[in-house]
Every structure is written in structure tokens, then in C-alpha cells.
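Q:
Protein chains: 2
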Amino acid sequence: MSDLPRSVRITEEGPREGFQIEPGPIPTARKIEFINALAQTGLKRIQAVSFVNPKRVPGWADADEVVKGIIPVPGVQFAGLWLNEQGLQRALTHKDKLYIDGKINMYPSSAFLKRNNNMTQEQYRAEVLKFVATCKQNGLPVDRGSISSAFGCNFEGDIAPATVVKLVGDLLDLAGSQGLKIKAVTLADTMAWGTPLSIKRVVGAVREKFPNLPLALHLHDTRGMGIANAFAGLEMGVDRYDAAAAGLGGCPFAKHKGAAGNVCTEDFVFMCQEMGIETGVDLDKLIACAQMAEEIVGHPLPGTLKMGGTLQALRVKAAQNLAAAA
Amino acid sequence: MSDLPRSVRITEEGPREGFQIEPGPIPTARKIEFINALAQTGLKRIQAVSFVNPKRVPGWADADEVVKGIIPVPGVQFAGLWLNEQGLQRALTHKDKLYIDGKINMYPSSAFLKRNNNMTQEQYRAEVLKFVATCKQNGLPVDRGSISSAFGCNFEGDIAPATVVKLVGDLLDLAGSQGLKIKAVTLADTMAWGTPLSIKRVVGAVREKFPNLPLALHLHDTRGMGIANAFAGLEMGVDRYDAAAAGLGGCPFAKHKGAAGNVCTEDFVFMCQEMGIETGVDLDKLIACAQMAEEIVGHPLPGTLKMGGTLQALRVKAAQNLAAAA
């Protein structure tokens, strides 16, 4: 009926995405508490902090302090995002605790590149080469790639699957030209244009051309398609997903209209577990984290399972009742 | 890749579900305004009111007044729910405006039947026969069937697909024994146990045994699986869905923890339209209804698209920008 994977790897994006968008200020101690709690759920990779310009993203001005509070857990990778040389140098001071790497990110939308970076594709490629050189100079691994807005773009409109396929090829060629081996490419639905059908089409097209390249999905739930899109990915055998506990980064309040949260980690884990796909995650602990996130930000967050609850307790109770009635 | 239908029929459940669960009181005039607005969206079947005991469901004490305010629209069916003889008699006084029929509802869960109705399956069947007789006496069509909790039950636990298949057969036999022809059977995920995989398994099992029986899905979003489950139904070729504008009946507030809203109509319509499946619905008008619903109930409702917005305006703008840049 489908190619559901046996297990999935989840990168938790909640702390980075969530604390970036919240008006805050959120106490540093609570960020630390949340990250350390996430690390006890079985999630193996956590995007913990962001070394971005504190003037532009005040929510992460305390990134260095947060890292100091992180308690290492064997097998759990804490990652820190950086976007420029200054951020990289900050990140590198935490090399003992954080996993710092470089990811080659490319854009199928020339209109977005022009608008956001004021660059042509050619100029952007030169920037990527500079970026790779910086990573090499600092001894960082560069083994991941990403295609932004792979399913549509507010500035370019629909993106043809063939355009994404070509760009993945360009990305691999560019990496190869620098002696780099890309281990996985993330297809990101950055602006939430994807539907389950377009997820299947793009993943299918990329896989047909690059059958041995592991793919990951980064999905936003801005239009309510997050979990359905993740299911479509699972049906195509995709086994790597970004997600955010409680749907952090999004908000059900109208005043946060533009907030485009990632697909909710616990809702996704629930779906996987109920379909027999291993996640390695303790769902009850993860729900507790989602509830903690809601308490920390002080308003409802989009995830649904944290209210609806899991089925395990209901199953146990039903079995007891049936046994008692028999 | 799949059996996506070319078009879907949607039964809008928002008014009945939503105004039933809200603490209210919601002014009668606003209920009428909402129902009449829904009737202008292209939705062809609207569960408008509920003739239930006003002591138990005060939110529908004004059902008769609401019906009086409904403005008939050619091609739009307004339906009224009734659960007992008293409700039926109230409903029948509105036969000129409302579509009143009888639906045979069956329960795979004996534990639920025992607990909720204090009946065995055998006793319940006798009740169904009485129900059918009442419908016949009052000249009501009985051509729809429904299986409650077809994907799992809080009192019985998991429900095997074979149990649902058998019950659909029982339902058809029972109807046949009364000279009735069932035109469609709804599989209801009443307690939100379903996942995309179990939707596919149950629908597949029922379809294998009854290949010519049209199936409908009634999905609750209590655990965030609503749209993904609907997509799974679409992939199985199911072309009839119940849904509620704005996800009425559910609530993102923790204080409404038990609120189990239907899958959100506009999120579902968006998915269908973006995947090339005809809905006959004007999505912008439907989103306006969803926003009206939120305003009427006075708190956020679960639907996502009403905040995220559609893609059509973005497509037009992107095309204009690209043309201007060319």
C-alpha cells in the first residue's frame, strides 16, 4: 500500500524556532529547562540555539548563556544555527557542547533570491563557495544540503518538480567540486505551499533522479497541511523530518497571523507510533515538554495531541474494563 | 500513485456541532447569519440545526427559531438532526425547509453500546428496527448508514477492520430486511483513534467486501490527524466527507480539553482544490464564514487556513512581479 519507513529521525526545531518568534522576553533559565527536558524524551537531535544578530532577533541574545546551561546527554546532538561569520565565531566557542556544521542551502526561486539577498543565482553560487571555504577554514563538516521553498514560493509562485530536481543536482555538483560529500538533502516547504500530492510529486521526482540520496522534509503548518504532508512523505519512504514541539514558532492567535510554525513534533510522533514506525521518543515525556512550552510562552500553541491525549492509557483502561466485564 | 477522486461532496457540520458545544449563549440571529452565509459558499449540504433536548443541549433550544431565519438556496440542502420521537416531531414541523431523514447508526463496540445505551448488540438491533418503523410511519427516507467509532473506541480499544466489515454487512442486511436501500455508509472516527494508515486499512477492507457501496468519512481532529486522515480517504477514492467550518466543535483552549472538533472544512477544501479535486466551494467565501464563526463564538477556533490564507492571491501577485521584472 505504501513505502512507510520502519523508523524516522526527527530534528527538533522547537527551541530555535519558538524562542525566535516569541515577543518575550523569555527567561534564559526557562529556555534551558525546556531544552534539557527535550533531551530526555529520546529526541536525538535538537536545534537548541541560534547565533543570530541580537538586534534583529532579541529572543536569541542570550544564546551563549543558554548553551552554558545545557546538560549533555549521551547520544543527543545539540545544534546551534549560525548565518554569518560573526555568528559562526560565537558558535565555535561552544564546540564542546554544540554540533556546529555548515549546510548548503539553495533556492529554486530566483525572485526570492533577488528580493531577499539581492543576488542572481550565479552570484548566490559564488556566495555558497565562500561559505564552504569558511566552513573548511574552521574545520566544520559540510555534509547536508537544503532546498528552500521547494514546493512553492510567495515571490515565484509554484515551483516545478523539475526545477527542484535540477537544483538538487546543482547542489551535489557544487559540493562535489569542493570535495564534499552530501549525506542528505532537506526539501523545505518554507512558505507552506505544499500539499500531500505535491510532496509526493517532488519527492518522487528527486528520488527518481537520485535514488540513493537520503531526503529530509522540513514542513510548515501555516495552511494546516503539516501532518498530512508528513504522512505523504512517509508514504514515499522519507525517514527524516524537522519538527517543533507543540508547533512552536506558530500561534493560533490572529495577532500572530504570519507565524508559520513547523509541523508539531508530538502530533507527528503520535502518527508514526500509531502506524508502527519507530521514533525512539517517549511520547508522554514529549507531551509534557509541549505543555511546558505553552506555559513558557504564555499562550496556546498549535499542537493538538497535547490536548487530545494519547491512546495508550485509553487502551489499557479499555482492556481492564473488558476483562472486568468478561 | 493513488485513487484521488475527481470531486468530493462535503456535508458541513459546523453549525450543529459548533453551537452545541459552545457555552454560549449565542444570539439566534448570529446562528442564522452564519448558516445563510455558509449556504452562499457552494456547500450543498449543511447540518444546520439539532432538535435535541434543550435541557441537555441548551445551545440548540432555539432550533425552531433558527430554521425560520434560514433563507432557502436552490440546490442547497439544510438538514436537521433528531435523536428521538420528540425531536422528530419538532423537525417535521420544518419539512418545507429542512431535509429530514433517518440514518441507521451502528456500533462496532459492544462496550460502548453497553455503557452509553445500556444495551446488547441484539437489543440495539431491535431498537434500530423500531427506529426504521418510526421513519417509515413519518414518510422519511432511510438511505444512509453510519458506523460509529469505526477506527477505535475509548471503551473497547482498537477495532479490527474485519469487525467493521461485518457490521457494514449487518447494516445492509438489516436495511434490506426492511425493504430499504442504503446509498452510502459513513465510517465515523467518533473518538479520534484513526491514523492515515488505519483509515486506509478499514476503508480498503470495507471496499473489498462491498465494492459498489459509496463510503463517507466523518473525522475528528482531536489528535491532529484530521486532514491527514482525510487525505488517506482521498487516496482510497472516498469522495464524501463531513467537515466543520473553522473546525467548529473543537477549541484550542485547554479549558475545552475534551472538545473534539470535526476536520476543518476550509482546510480540507484548500487541500482538495490544490490537489485538483473539485469541491464546488468558493474558498474565500468559506474562509469569511470561518472568521465569522470565530467572531460569533468569541474565541479562536482550530482551523489553520483562516490565518494562513490561500495561495491564489499570492500566485497572482507573484505572476505580476515576475512579469514586471521580465
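Residue numbers (my numbering), protein chains in the order written: chain A, 164 to 489; chain B, 164 to 489.
Each residue gets a CB set at the ideal place from its N, CA and C atoms; glycine is no exception.
Predicted model, so just to flag it, every value in this text is computed and none were measured.
1) For chain B, find out if any of its Cβ atoms is closer than 8 Å to the Cβ of A:Met438; answer yes or no.
2) In angstroms, rounded to a whole number, what distance separates the CA positions of A:Leu251 and B:Pro463?
3) Does DSSP classify B:Gly339 as helix, strand or coil?
4) To which residues of the same chain is B:Pro237 closer than 8 Å at the C-beta, ignoring the five residues directly before and after it?
5) Cβ of A:Leu390 within 8 Å of Cβ of A:Met455?
6) Leaving aside the five residues before and after A:Ala417 along the sequence, list all residues of the same chain whose C-beta is less than 8 Å from its C-beta, in chain order.
7) Flag B:Asp430 as yes if its beta-carbon sits less than 8 Å from any beta-carbon of chain A, otherwise no.
8) Within the continuous beta strand (DSSP E) that includes A:Tyr404, where are the two ends?
9) Determine whether the Cβ of B:Glu441 lies closer than 8 Å to any Cβ atom of chain A.
10) Per DSSP, A:Ala347 forms a beta bridge with which residues?
11) Does the beta carbon of A:Arg169 come closer than 8 Å to any beta carbon on chain B?
12) What residues are listed by DSSP as bridge partners for B:Leu441?
13) Does the segment 336–356 of chain B come within contact of the segment 296–310 of chain B, defined as at least 3 CB pairs closer than 8 Å?
14) Between the Cα of B:Phe214 and the Cα atoms of B:Met282, B:Thr467, B:Trp223, which residue gives the shortest distance?
15) Listing by chain order, which chain B residues have their CB less than 7 Å from the CB of A:Trp356?
16) Under 8 Å by Cβ, that's how I've got A:Gly265 and A:Val295 pegged, so tell me the actual separation to the nearest angstrom.
17) Using C-beta distances below 6 Å, list every residue in its chain close to B:Pro377, excluding the 5 sequence neighbours before and after it, in chain order.
18) Closer than 9 Å by beta-carbon distance: list the chain B residues that pair up with A:Thr467, in chain order.
19) Just checking: is the beta-carbon of B:Phe359 within a distance shorter than 8 Å of some beta-carbon in chain A?
20) Starting from B:Gln240, trace the alpha helix (DSSP H) both ways and give me its first and last residue.
21) Hey, is B:Pro200's beta-carbon within less than 8 Å of any beta-carbon in chain A?
22) Could you compute how far the alpha carbon of B:Ile450 sits from the alpha carbon of A:Thr385?
23) Report the neighbours of B:Leu485 on chain A: residues whose CB is nearer than 8 Å to its CB, in chain order.
24) How many angstroms separate the CA atom of A:Lys469 from the CA atom of A:Ile234?
25) For A:Ala481 and chain B, any beta-carbon pair shorter than 8 Å?
26) What residues are listed by DSSP as bridge partners for A:Asp447?
27) May I ask which residues mark the beginning and end of the alpha helix (DSSP H) holding B:Ala192?
28) For chain C, is any of its Cβ atoms less than 8 Å away from the one on B:Cys427?
29) At 9 Å on the CB atoms, spell out the chain A contacts of B:Met434, in chain order.
30) Do A:Asn425 and A:Ala453 have their C-beta atoms closer together than 8 Å?
31) Per DSSP, which one or two residues make a beta bridge with A:Asn392?
32) Could you tell me the distance, in whole angstroms, from the CA atom of B:Val212 to the CA atom of B:Lys448?
33) Let's test the definition: count the other Cβ atoms within 10 Å of the Cβ of B:Gly421 and tell me whether it reaches 16, buried, or not, exposed.
34) How should A:Pro186 be labelled, buried or exposed, when 16 other C-beta atoms within 10 angstroms of its C-beta is the threshold for buried?
35) When burial is assigned at 16 or more other CB atoms within 10 Å of the CB, is B:Leu246 buried or exposed?
36) State yes or no: is the C-beta of B:Phe317 within less than 8 Å of the C-beta of B:Met354?
A: Taking the coordinates as given:
1) yes
2) 40 Å
3) helix
4) none
5) A quick correction: the sequence has Ile, not Leu, at residue 390 of chain A. Going by C-beta atoms, A:Ile390 is not nearer than 8 Å to A:Met455.
6) The predicted model places A:Ala417 with a pLDDT of 42, which falls under 50 and marks its position as unreliable, so this point remains unresolved.
7) So, interface residue.
8) 403–406
9) no
10) Answer is A:Arg307.
11) no
12) Correcting the residue identity first, residue 441 of chain B is Glu in this sequence and not Leu. In DSSP, B:Glu441 forms a bridge with B:Ser170.
13) These segments touch.
14) Minimum Cα distance to B:Phe214 is reached at B:Trp223.
15) Leu474
16) 7 Å
17) Ala347
18) Asp384, Thr385, Arg386, Gly387, Met388, Gly389, Gly413, Pro415, Pro465
19) Phe is not the amino acid found at residue 359 of chain B; the sequence shown has Pro there. Yes, B:Pro359 lies at the interface with chain A (some Cβ there is under 8 Å from its Cβ).
20) It is not in any alpha helix (DSSP H) - B:Gln240 instead sits in the beta strand (DSSP E) that spans 240–245.
21) Here the sequence assigns Ala to residue 200 of chain B, which means Pro is not the residue at that position. Closer than 8 Å: no.
22) 14 Å
23) Under the 8 Å cutoff, chain A gives Ala274, Glu319, Gly320.
24) 25 Å
25) A:Ala481 counts as touching chain B.
26) Looking at the DSSP assignment, A:Asp447 forms no beta bridge with any residue, so it has no partner.
27) Segment 191–201, the alpha helix (DSSP H) holding B:Ala192.
28) Going by chain labels, chain C is absent from the structure shown, which instead holds the protein chains A and B.
29) Within chain A, the residues near B:Met434 are Thr358, Pro359, Leu360, Arg386, Gly387, Met388, Ala391.
30) No, the pair does not count as a contact, with Cβ atoms beyond the cut-off.
31) According to DSSP, A:Asn392 bridges with nothing at all.
32) 21 Å
33) With a pLDDT of 48 at B:Gly421, under the threshold of 50, the modelled position of that residue is not reliable, and the figure given next carries that caveat. Exposed, because fewer than 16 other Cβ atoms sit within 10 Å of the Cβ of B:Gly421.
34) exposed
35) Burial call: exposed.
36) First, the amino acid is wrong: residue 317 of chain B is Asn here, not Phe. Yes, Cβ-Cβ distance for B:Asn317 and B:Met354 is below 8 Å.
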